[in-house]
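Going line by line, the protein sequences match chains A, B, C and D. Heads up: the first sequence at position 1 corresponds to 1 in UniProt numbering, and the numbers run straight through without jumps. Heads up: the second sequence at position 45 corresponds to 45 in UniProt numbering, and the numbers run straight through without jumps. Heads up: the third sequence at position 114 corresponds to 114 in UniProt numbering, and the numbers run straight through without jumps. Heads up: the fourth sequence at position 49 corresponds to 49 in UniProt numbering, and the numbers run straight through without jumps. Even for Gly, the Cβ is constructed at its ideal location relative to N, Cα and C.
Number of protein chains: 4
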Amino acid sequence: MQPENESAGQGRRSFIEEARRGQIVRAAIETIAEDGYAKASFARIARRAGISPGLITYHFSRREELIMEVMLSVHASMERVLARRAEGAASYAAALRALVEGFVRYCADHVPEMVAVAQIAAGAGDAAKARAWAERQREETLADLAEMFQEGQQEGELREFSPRAMAVAVLAALEATPAELLARPDTDVDDYAAELATAFELAVRRPTR
Amino acid sequence: MQPENESAGQGRRSFIEEARRGQIVRAAIETIAEDGYAKASFARIARRAGISPGLITYHFSRREELIMEVMLSVHASMERVLARRAEGAASYAAALRALVEGFVRYCADHVPEMVAVAQIAAGAGDAAKARAWAERQREETLADLAEMFQEGQQEGELREFSPRAMAVAVLAALEATPAELLARPDTDVDDYAAELATAFELAVRRPTR
Amino acid sequence: MQPENESAGQGRRSFIEEARRGQIVRAAIETIAEDGYAKASFARIARRAGISPGLITYHFSRREELIMEVMLSVHASMERVLARRAEGAASYAAALRALVEGFVRYCADHVPEMVAVAQIAAGAGDAAKARAWAERQREETLADLAEMFQEGQQEGELREFSPRAMAVAVLAALEATPAELLARPDTDVDDYAAELATAFELAVRRPTR
Amino acid sequence: MQPENESAGQGRRSFIEEARRGQIVRAAIETIAEDGYAKASFARIARRAGISPGLITYHFSRREELIMEVMLSVHASMERVLARRAEGAASYAAALRALVEGFVRYCADHVPEMVAVAQIAAGAGDAAKARAWAERQREETLADLAEMFQEGQQEGELREFSPRAMAVAVLAALEATPAELLARPDTDVDDYAAELATAFELAVRRPTR
DNA sequence: TATGAATGAGTGTTCATTCAT
DNA sequence: GATGAATGAACACTCATTCAT
């Protein structure tokens with residue numbers, strides 16, 4: 001009898017179950033990050049976690065559910081970190097800088113998570129639900145960014161440019177960070193973040209005559 | 001009985017073989033772009049090409065070889081286009097603009113190719129060789145870009161910044177283009193390209209005065 | 001630590017155990033009848049009974065044992081009912097009528113039981129023992145019926161015919177009843193029973209001149 | 001690339017493919033008849049046919065398709081045989097006798113087919129489509145039988161009785177035949193058929209005063 | 001007594017690859 | 001050159017059964 005997750009009103013998950021789920025999610029993240037999404041079979045994930053493949057299905061009724069959980073957990077963790085940073089920025093440029101630096105910092109500290117999420121987002125057909133969710137999330141982030149730019153323009157702090165195109169460029173640069181840090185592990189993360197922040201600051205702010 | 005590809009010294013490919021290979025590569029690109037890498041089985045590719053699955057293996061001894069060929073052909077095609085644009089740029093800023101606009105233009109005109117390549121790059125384990133090659137290629141592109149920036153800095157046209165970080169940001173923005181054009185088909189491509197070019201121009205050039 | 005069923009000489013079953021077994025058997029009957037034998041997993045049966053799957057194995061050491069118990073309990077219940085009807089029939093024709101009407105009546109009142117038993121009888125390999133038992137039971141019923149016919153023939157009440165073939169036909173008609181009542185719920189059960197009884201009465205009795 | 005069965009307009013099946021399909025259907029019938037539906041896995045069917053399990057999926061795109069083909073082929077074969085017998089019956093009683101004897105004869109000659117079909121009809125959930133089809137077929141047969149009885153009643157040849165109930169009884173007796181012949185292989189088939197025919201003749205015809 | 005976490009064998013199905021034709 | 005029948009390994013998933021608690 002599977003735990004029949006999350007649906008039932010009273011159905012809380014036991015401590016041990018929560019622990020196993022966490023363990024499996026971790027193993028899934030690492031497996032996807034290291035071996036690639038397509039090779040992240042239950043067999044491999046289970047081997048890494050030191051459990052039997054059947055146990056994964058026992059805790060996650062479908063593969064989709066596990067993949068979704070990976071997405072959700074990474075996203076929630078990042079949100080928590082970024083939220084702290086975003087508060088109390090004095091200007092739009094400062095807010096952008098806070099976002100960029102926070103994101104890069106998070107990437108540096110959570111490379112496997114970011115790689116795994118990227119794999120899933122770009123990945124196969126059997127993660128359709130998770131991919132759709134990620135795309136919606138991404139679209140939302142883009143919209144937020146663009147809105148921020150627009151406000152900055154209306155208040156005269158930022159120059160005139162296409163908020164959307166700039167948002168795409170910024171997010172793309174952020175999303176490229178995990179791969180870059182993976183490819184060049186010696187990168188000074190804070191420098192890297194500052195460079196990005198400065199570049200985009202110059203790109204968006206009204207040129208001081 | 002197979003054509004024994006590429007290895008043999010004298011082994012030129014016949015005209016008809018070259019044609020078949022091209023047909024298969026095209027079908028592969030379209031299938032990967034439309035159905036996703038994971039669903040792009042030989043059966044599907046062959047159906048699209050109107051041939052039997054066995055014939056693919058006849059022309060490409062391993063799956064890896066076909067995927068590799070997809071990469072190579074797209075890359076070659078893009079190089080050809082970009083090379084024309086890059087020549088005769090009067091300044092580093094102009095060269096950057098030419099690159100950005102050329103790349104975006106190419107993306108707009110070759111969506112399936114770009115989507116397929118992105119799928120492969122992010123994709124499965126049986127594309128390891130192709131992925132490695134793409135990564136090497138990408139590294140090379142980054143190095144070229146960074147070198148260009150460095151020269152611009154030495155000549156005083158560009159401000160001081162990390163050439164590497166800027167190169168990553170620029171390339172990331174470019175690589176995000178196909179997805180963006182796919183997600184927002186109404187985007188004015190030339191505007192979009194100009195916006196990116198301007199943004200990065202502001203980011204790199206020595207601030208006037 | 002299991003109850004070590006039925007084997008031990010002294011091993012009586014406690015009251016509570018008997019109750020659990022009954023509850024599980026009922027849940028099994030309903031699950032098999034509604035979801036089909038193949039889908040009647042321990043998980044489903046346990047969910048219906050509001051217990052854990054492990055508890056089923058605790059009370060029935062093998063799946064086979066549970067299935068067997070289903071058979072036995074249904075059979076015993078039917079026997080009890082039929083026995084009452086059979087007594088005191090004045091003629092062989094009357095006895096046949098009593099049997100037919102009793103059986104049909106029982107079917108109408110115990111659809112799930114009959115459906116479940118039919119599912120098992122026609123069903124899977126892991127019910128082999130139960131199926132064998134049912135077949136033996138069936139054979140016995142056929143023998144009883146045939147013997148009754150033979151006696152009726154010897155006493156001159158019934159015409160000459162193959163007792164065995166007639167027994168098969170009668171039993172087949174009876175066994176078809178649950179499905180028929182399920183397919184046509186509006187059937188008037190008593191009419192239906194009377195029709196069958198009359199048909200077979202005409203088939204067996206010595207034609208009145 | 002699977003043969004993509006039956007749908008395409010021009011898509012004829014090759015000779016060799018037709019042969020394989022037939023071989024697989026035969027193996028499926030025998031496996032179901034001997035081991036039971038639930039144990040008739042592709043692995044077992046393939047072993048019997050001396051082929052690999054994958055080949056079954058190659059020729060039948062889903063399991064359901066194979067099961068359906070079993071049903072259809074048995075049904076078609078029986079129809080062919082029965083059709084010859086049914087023609088030219090001088091009375092309703094004679095038509096009934098022809099049907100009964102034809103059916104029994106067919107059963108005797110095709111025990112595995114009949115057992116397999118019975119297994120599927122009574123069987124698991126993953127044969128839903130085939131079971132539904134069989135049930136529709138059965139219902140049709142019942143309707144035909146009942147209609148025949150009704151006509152016979154209207155013409156005065158048959159006594160008054162419920163055509164439906166009688167149809168059910170007759171069909172049930174027929175369907176019980178394979179099991180009976182299997183249980184008692186020494187049965188004289190023609191005698192058995194004649195007994196059934198006579199029994200139902202007496203049951204339906206207007207008693208000769 | 002009862003739970004539910006865990007296992008391992010088994011399922012249908014997919015697919016790159018082989019090979020006789 | 002080309003076909004398509006055939007294989008075998010891999011996949012997610014199901015489930016009776018075991019066992020520590």
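* Go ahead and pull the three-state DSSP assignment for Arg184(A). => coil
* Residues that DSSP places opposite Arg131(A) in a beta bridge -> Partner(s): none; Arg131(A) has no beta bridge.
* Give me whichever residues DSSP pairs with Leu158(A) in a beta bridge. => Arg205(A)
* Does Ala122(B) have its Cβ less than 8 Å from a Cβ in chain A? -> Yes, its Cβ sits closer than 8 Å to a Cβ of chain A.
* Asked: Residues in its own chain within less than 7 Å of Thr141(D) by CB, not counting five upstream and five downstream?
  -> Leu171
* Asked: What first and last residue would you give for the alpha helix (DSSP H) that runs through Ala46(D)?
  -> Phe42 to Ala49
* By Cβ distance, which residues of its chain are closer than 8 Å to Arg184(D), with the 5 residues on each side in sequence left out? -> none
* To do: Compute the distance between the beta-carbons of Tyr106(C) and Met78(C), then report whether it is under 8 Å.
  => yes
* 8 Å Cβ cutoff, Ala203(D) in contact with chain C -> Taking CB atoms only, Ala203(D) has a neighbour in chain C less than 8 Å away.
* Asked: Do you know whose CA, among Pro112(A), Ile24(A) and Ile51(A), lies nearest Glu69(A)'s CA?
  -> Ile24(A)
* To do: Say whether the region 90-101 of chain D touches the region 142-153 of chain D, bearing in mind that this needs 3 or more beta-carbon pairs closer than 8 Å, one atom from each stretch.
  => With the cut-off at 8 Å, the region 90-101 of chain D and the region 142-153 of chain D touch.
* Asked: Is there a Cβ from chain C that is less than 8 Å from the Cβ of Asp186(D)?
  -> no
* Closest by C-alpha distance to Ser52(C), when choosing among Ala90(C), Phe42(C) and Ser61(C) -> Ser52(C) has its Cα closest to that of Phe42(C), out of Ala90(C), Phe42(C) and Ser61(C).
* Given a threshold of 16 other Cβ atoms within 10 Å of its Cβ, counted over all protein chains shown, does Ile16(B) qualify as buried or as exposed? -> exposed
* To do: May I ask you to check if the CB of Phe15(D) is nearer than 7 Å to at least one heavy atom of the ligand COA?
  => Only the bare structure without any ligand can be found here, which leaves the ligand COA out of the picture.
* **Where Glu34(B) falls: helix, strand or coil (DSSP)** => helix
* Residues, ordered as in the chain, of the region 138-156 of chain D that lie near chain C by beta-carbon distance below 7 Å -> none
* Asked: Buried or exposed: which applies to Ser162(B), given that a residue is buried once 16 or more other Cβ atoms fall within 10 Å of its Cβ?
  -> buried
* Asked: Which residues, in order along the region 161-178 of chain B, keep a beta-carbon less than 9 Å from a beta-carbon of chain A?
  -> Phe161, Ser162, Arg164, Ala165, Met166, Val168, Ala169, Val170, Leu171, Ala172, Ala173, Leu174, Glu175, Ala176 and Thr177
* Asked: His59(B) lies in the alpha helix (DSSP H); which residues open and close that run?
  -> Pro53 to His59
* **Exposed unless 16 or more other CB atoms sit within 10 angstroms - verdict on Ala84(C)** => A small correction: the amino acid at residue 84(C) is Arg; Ala does not occupy that position in the sequence shown. Exposed, since its Cβ has fewer than 16 Cβ neighbours within 10 Å.
* Asked: Along chain B, in chain order, which residues have C-beta atoms closer than 9 Å to that of Ala118(A)?
  -> Ala122
* Asked: In the structure shown, what three-state DSSP assignment does Glu6(C) receive?
  -> Only weak support exists for where Glu6(C) lies, its pLDDT of 48 falling under 50; the coordinates are left without a value.
* Compute the beta-carbon to beta-carbon distance between Tyr37(B) and Gln119(B), rounded to the nearest angstrom, for a pair I have assumed lies under 8 Å. => 4 Å
* Listed by chain order, chain B residues near Tyr192(A) by CB distance under 8 Å -> Ser162 and Ala165
* **Spatially closest choice to Arg48(B) from Glu65(B), Glu64(B), Leu66(B) and Ile29(B), by CA coordinates** => Ile29(B)
* Going by the CB atoms, is the gap between Arg12(B) and Ala59(B) shorter than 8 Å? -> Note that residue 59(B) corresponds to His in the displayed sequence, not to Ala. No, the Cβ-Cβ distance between His59(B) and Arg12(B) is not below 8 Å.
* Where in the region 67-114 of chain D do unbroken runs of the alpha helix (DSSP H), each at least 4 residues long, occur, reported from the N-terminal end onward? -> 92-109
* Using a C-beta cutoff of 8 Å, does Glu65(B) count as contacting chain A? -> No, its Cβ sits nowhere closer than 8 Å to a Cβ of chain A.
* Give a yes or no on whether 8 Å exceeds the smallest Cβ distance from Thr198(A) to chain B. => yes
* Asked: Comparing the C-beta of Pro207(D) with each C-beta of chain C, is any distance below 8 Å?
  -> yes
* Asked: Among the residues of its own chain, which have a CB less than 7 Å from the CB of Ile56(D), if the five just before and after it don't count?
  -> Ile24, Phe42, Ile45, Ala46 and Leu66
* When the Cα of Glu180(B) is compared with those of Glu139(A), Gly50(A), Ala179(A) and Leu182(A), which residue comes out closest? -> Glu139(A)
* Of all Cβ atoms in chain A, is any one closer than 8 Å to the Cβ of Glu180(B)? -> yes
* **Whole-angstrom distance between Arg159(A) and Asp188(A), CA atom to CA atom** => 30 Å
* Asked: Which chain D residues are close to Ala134(C), counting only those with a beta carbon under 9 Å from its beta carbon?
  -> Correct list: empty, because the minimum Cβ distance to chain D is about 12 Å.
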